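Trainee:
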Amino acid sequence: MSVQTQAPAQAEAAPALVARNLSRWYEVKGGFLGKPRTVKALSEASFTLHAGETLAVVGESGCGKSTLARLVAMIEPPTGGTFEIGGVKAQGEALKRLRTDVQIVFQDPYGSLNPRQRIGSILEEPLLINRPDMPKAERERRARETLALTGLRPEHYDRYPHMFSGGQRQRIAVARALMLDPKVLVLDEPVSALDLSVQSQILNLLIDLQERLNLAYLFISHDLSVVKHMADKVAVMYLGRPVEIGTRDAVFAAPRHPYTRALLSATPKADPRQKRNRIRLEGELPSPLNVPPGCPFAPRCWKAQPICRQERPELSGAPTLAACHFPEA
Amino acid sequence: MVDASNLPASAGAKRPGQLSEFWRYFKENRGAVIGMWVFAAFVAVAVLADLIAPHDPIVQYRDHLLQPPFWVEGGSWEFPLGTDAVGRDMLSRLLHGARFSFYVGVVVVAFAASGGIVIGLLAGFAPKWVDTLIMRVMDIILAFPSLLLALVLVAILGPSLTNAMIAIAIVLQPHYVRLTRASALSERSKDYVTAARVAGASKLRLMFITVLPNCLSPIIVQGALSFSTAILDAAALGFLGMGAQPPTPEWGTMLAEAREFILRAWWVVTFPGLAILVTVLAINLMGDGLRDALDPKLKRS
Chain A
630 MSVQTQAPAQ AEAAPALVAR NLSRWYEVKG GFLGKPRTVK ALSEASFTLH
680 AGETLAVVGE SGCGKSTLAR LVAMIEPPTG GTFEIGGVKA QGEALKRLRT
730 DVQIVFQDPY GSLNPRQRIG SILEEPLLIN RPDMPKAERE RRARETLALT
780 GLRPEHYDRY PHMFSGGQRQ RIAVARALML DPKVLVLDEP VSALDLSVQS
830 QILNLLIDLQ ERLNLAYLFI SHDLSVVKHM ADKVAVMYLG RPVEIGTRDA
880 VFAAPRHPYT RALLSATPKA DPRQKRNRIR LEGELPSPLN VPPGCPFAPR
930 CWKAQPICRQ ERPELSGAPT LAACHFPEA
Chain B
158 MVDASNLPAS AGAKRPGQLS EFWRYFKENR GAVIGMWVFA AFVAVAVLAD
208 LIAPHDPIVQ YRDHLLQPPF WVEGGSWEFP LGTDAVGRDM LSRLLHGARF
258 SFYVGVVVVA FAASGGIVIG LLAGFAPKWV DTLIMRVMDI ILAFPSLLLA
308 LVLVAILGPS LTNAMIAIAI VLQPHYVRLT RASALSERSK DYVTAARVAG
358 ASKLRLMFIT VLPNCLSPII VQGALSFSTA ILDAAALGFL GMGAQPPTPE
408 WGTMLAEARE FILRAWWVVT FPGLAILVTV LAINLMGDGL RDALDPKLKR
458 S
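Next up, the structure:
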């Protein structure tokens, strides 16, 4: 079910990140004396991500994007499935060692930096924890190096987070994530809290860093224009499941899943004269407490047939993998 | 001119830090500033009592029993605020009493706060059943009227100033536990804590290095307010004979000893009472100002 790599040069090295049927279910109390129910926040997500590549995960709110980010960043354990980082399974003993290989950048740069810590100690904390025998001078040298790498000035080392703008804070968050030389960087909507002009600066910084450090990015976003700018591969999620996975060009040029088509048609265009065929979806996103049997998108799909409501389609086909009984093209 | 020449230099050197911002909010509250000065005077008296007191607080001048203050007929400058029933100088006793009150406040707040912070952080980070257990025990302590519980504890431990302080610290502790737990819970879900976890921080590090510094503001305010509660409770226990024992010049104990002379010698009850009132009032005013200055919800722009 995973996407095959398009870059043969990297075929020998183990992929930076492989996910196999990753799932995360939450138990919620069903009210007073009610039966506990299960929220299927993420079901059976599988993909492969190589070093130097960006996999963008898109979808509307509540589709499981951030849950996926939290699983990969090892903030929460998956309830089903496994994932490998650099060829090592993230389980049991290995978790501790892999911890430093995956770092995360959060959406809100105002909440992700400790207001009581100076920038220097924010950056040095990961080293202090993971490499306790590193001398203080070496830690400081590395922190200052990373500060420069992310486009911040040396005098920022002694300042507190409240003295920075949103864009600068996000640079600090990126710098902190880089302190441990990770292989995979999980970017959980890293620019959606920022101004448009600052967004592009941060995105370009991320692209620049990826080229220099050969990082693999798991890029969570709901902004399709950002995804188009950043991604090598795109995974479209709906109600906790990937419904279409493929290279960026294939997904944007010829989406095969109806939901992807609807999503793409909702992107604003810069040219006001261009004719738009906007697909309007009927109905609401079903509750993840109560996922419909069959294809989860069937209740809102204009192509739905009886089979869609009974049997869940698997990811299949080419050039992109789509989970649909009646894919386009 | 002086201001104009100073301004660019200071503005360029450092942007307004947290301390100066705190002071800007704090000084807006006039009562809090007055309270702070009174408290500073109280601390100075407590520290310097030996030097500024004209007499030894427990020496009895048998020739001057119940002598009134100097401005009343029969008073003298030798005993500016008069003497008590066994001829001890009131002023000296009051000055030394400040020392005991300050001592009680500091020790009680230190014990109650440190214990409460540790238990509160534990409750905030522990599994749910531990949290529930801790909070229900705290609810039980809070369900008793605080002075009554302190009285019972002292009755068990035996009446002395030390035991009174232990009892008051135990009674005040649940407030710190609740405050710390509440802030720890709200801080714990923030991204910077998650980021520290992703960096591999241990639970202890998360609790004490990442989260605790961000929970301190309400705890500082509670510390200031319970400082006065501690003084008041210690005085009350002293008055009931369960706190400091005579001849210790503790304000509550002084009140208790003077009870029978209320009608004959007004000064033996008035001055210790005033001392308690002024000190507690000043600390409460200061605590209110602290709360205004430290609580982000009350901040304007």
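The listed protein sequences derive, respectively, from chains A and B. Just so you know, my numbering puts 928 at position 299 of the first sequence, and the rest follows in order with no gaps. Just so you know, my numbering puts 393 at position 236 of the second sequence, and the rest follows in order with no gaps. C-beta: ideal position from N, C-alpha, C; glycine also. Note that the structure is predicted; figures quoted are calculated from it, not measured.
If we count the other Cβ atoms within 10 Å of its Cβ and call it buried at 16 or more, is Ser624 of chain A buried or exposed?
Mentor: The first residue shown for chain A is 630 and the last is 958, placing residue 624 of chain A beyond what the model contains.
Trainee: Tell me where the beta strand (DSSP E) around Ala648 of chain A begins and ends.
Mentor: Note, Ala648 of chain A: beta strand (DSSP E), 646-657.
Trainee: Within the 8 Å Cβ cut-off, does Asn743 of chain A reach chain B?
Mentor: Judged by the 8 Å Cβ criterion, Asn743 of chain A is in contact with chain B.
Trainee: Count the C-beta pairs between the segment 817-836 of chain A and the segment 734-743 of chain A that are closer than 8 Å, then say yes if the count reaches three, no if not.
Mentor: They touch, by the three-pair rule.
Trainee: What are the boundary residues of the alpha helix (DSSP H) that includes Met112 of chain B?
Mentor: Nothing about residue 112 of chain B can be reported from this structure: the residues present for chain B run from 158 to 458 only.
Trainee: Could you check where the beta strand (DSSP E) with Val370 of chain B kicks off and where it finishes?
Mentor: According to the sequence provided, residue 370 of chain B is Pro. The question's Val does not apply to it. From DSSP, Pro370 of chain B is part of no beta strand (DSSP E) but of the alpha helix (DSSP H) over 369-396.
Trainee: Leu893 of chain A and Phe881 of chain A - do their beta-carbons sit closer together than 8 Å?
Mentor: The answer is yes: Cβ separation under 8 Å.
Trainee: Just grab the DSSP bridge partners of Ser945 of chain A for me.
Mentor: In the DSSP output, where bridge partners are listed per residue, Ser945 of chain A has A:Ala951.
Trainee: If you draw a straight line from the alpha carbon of Glu344 of chain B to that of Glu753 of chain A, how long is it in whole angstroms?
Mentor: Glu344 of chain B and Glu753 of chain A: Cα-Cα distance of roughly 21 Å.
Trainee: Work out the CA separation of Gly239 of chain B and Ile440 of chain B for me, nearest whole Å.
Mentor: Approximately 27 Å between the Cα atoms of the pair.
Trainee: Can you pull the DSSP bridge partners for Ala845 of chain A?
Mentor: Answer is A:Val813.
Trainee: State buried or exposed for Lys694 of chain A, treating a residue as buried only when at least 16 other CB atoms are found within 10 Å of its CB.
Mentor: When all chains shown are included, Lys694 of chain A counts as buried.
Trainee: Mind listing the chain B neighbours of Asp737 of chain A? Cutoff is C-beta to C-beta under 8 Å, in chain order.
Mentor: Those are Asp348, listed as they occur along chain B.
Trainee: Under 8 Å between beta-carbons, which chain B residues line up against Gln732 of chain A? List them in chain order, please.
Mentor: Simply Val355, Ala356.
Trainee: Give, in chain order, every unbroken run of the alpha helix (DSSP H) that is at least 4 residues long and sits entirely within the segment 248-316 of chain B.
Mentor: For the segment 248-316 of chain B, whole alpha helix (DSSP H) runs of length 4 or above, ordered along the chain, are 285-300, 303-314.
Trainee: Please return the same chain residues whose Cβ sits closer than 8 Å to the Cβ of Asp824 of chain A, not counting the five positions on each side in sequence.
Mentor: Counting only Cβ-Cβ distances below 8 Å, and skipping sequence neighbours, we find Gly795, Gly796.
Trainee: Below 8 Å on C-beta distance, what does Pro755 of chain A contact in chain B?
Mentor: The answer, in chain order, is Ala356, Gly357.
Trainee: Alpha carbon to alpha carbon, how far is Ala242 of chain B from Leu222 of chain B?
Mentor: One C-alpha to the other measures close to 5 Å.
Trainee: Whole angstroms are fine: how far does the CA of Ala450 of chain B sit from the CA of Trp180 of chain B?
Mentor: Cα to Cα, the separation comes out at about 8 Å.
Trainee: Along the segment 365-399 of chain B, where does the CB come closer than 8 Å to a CB of chain A? Name the residues.
Mentor: Hits within the stretch, in order: Thr367, Pro370, Asn371.
Trainee: Between the segment 709-727 of chain A and the segment 870-886 of chain A, do at least 3 Cβ pairs fall closer than 8 Å?
Mentor: With the cut-off at 8 Å, the segment 709-727 of chain A and the segment 870-886 of chain A do not touch.
Trainee: Residues of chain A with a CB under 9 Å from the CB of Thr351 of chain B: which are they?
Mentor: Within chain A, the residues near Thr351 of chain B are Arg699, Ala702, Ile704, Ile733, Phe735, Ser741.
Trainee: Leaving aside the five residues before and after Arg771 of chain A along the sequence, list all residues of the same chain whose C-beta is less than 6 Å from its C-beta, in chain order.
Mentor: Excluding positions up to five away in sequence, the list is empty.
Trainee: Does the segment 379-395 of chain B come close enough to the segment 766-783 of chain A that 3 or more CB-CB pairs lie under 8 Å?
Mentor: No, because fewer than three Cβ pairs between the segment 766-783 of chain A and the segment 379-395 of chain B fall closer than 8 Å, the two stretches do not touch.
Trainee: Give every residue of the same chain whose Cβ lies closer than 6 Å to the Cβ of Cys930 of chain A, excluding the five residues on either side of it in the sequence, and list them in chain order.
Mentor: Result list for Cys930 of chain A: Pro887, in chain order.
Trainee: Which class does Asp445 of chain B belong to by DSSP, given the choice of helix, strand or coil?
Mentor: Here Asp445 of chain B sits in helix by DSSP.
Trainee: Could you tell me which residues DSSP puts in a beta bridge with Lys862 of chain A?
Mentor: Looking at the DSSP assignment, Lys862 of chain A forms a beta bridge with A:Leu684, A:Thr876.
Trainee: Between which two residues does the alpha helix (DSSP H) harbouring Lys694 of chain A extend?
Mentor: It spans 694-701 - the alpha helix (DSSP H) in which Lys694 of chain A sits, taken as one unbroken run.
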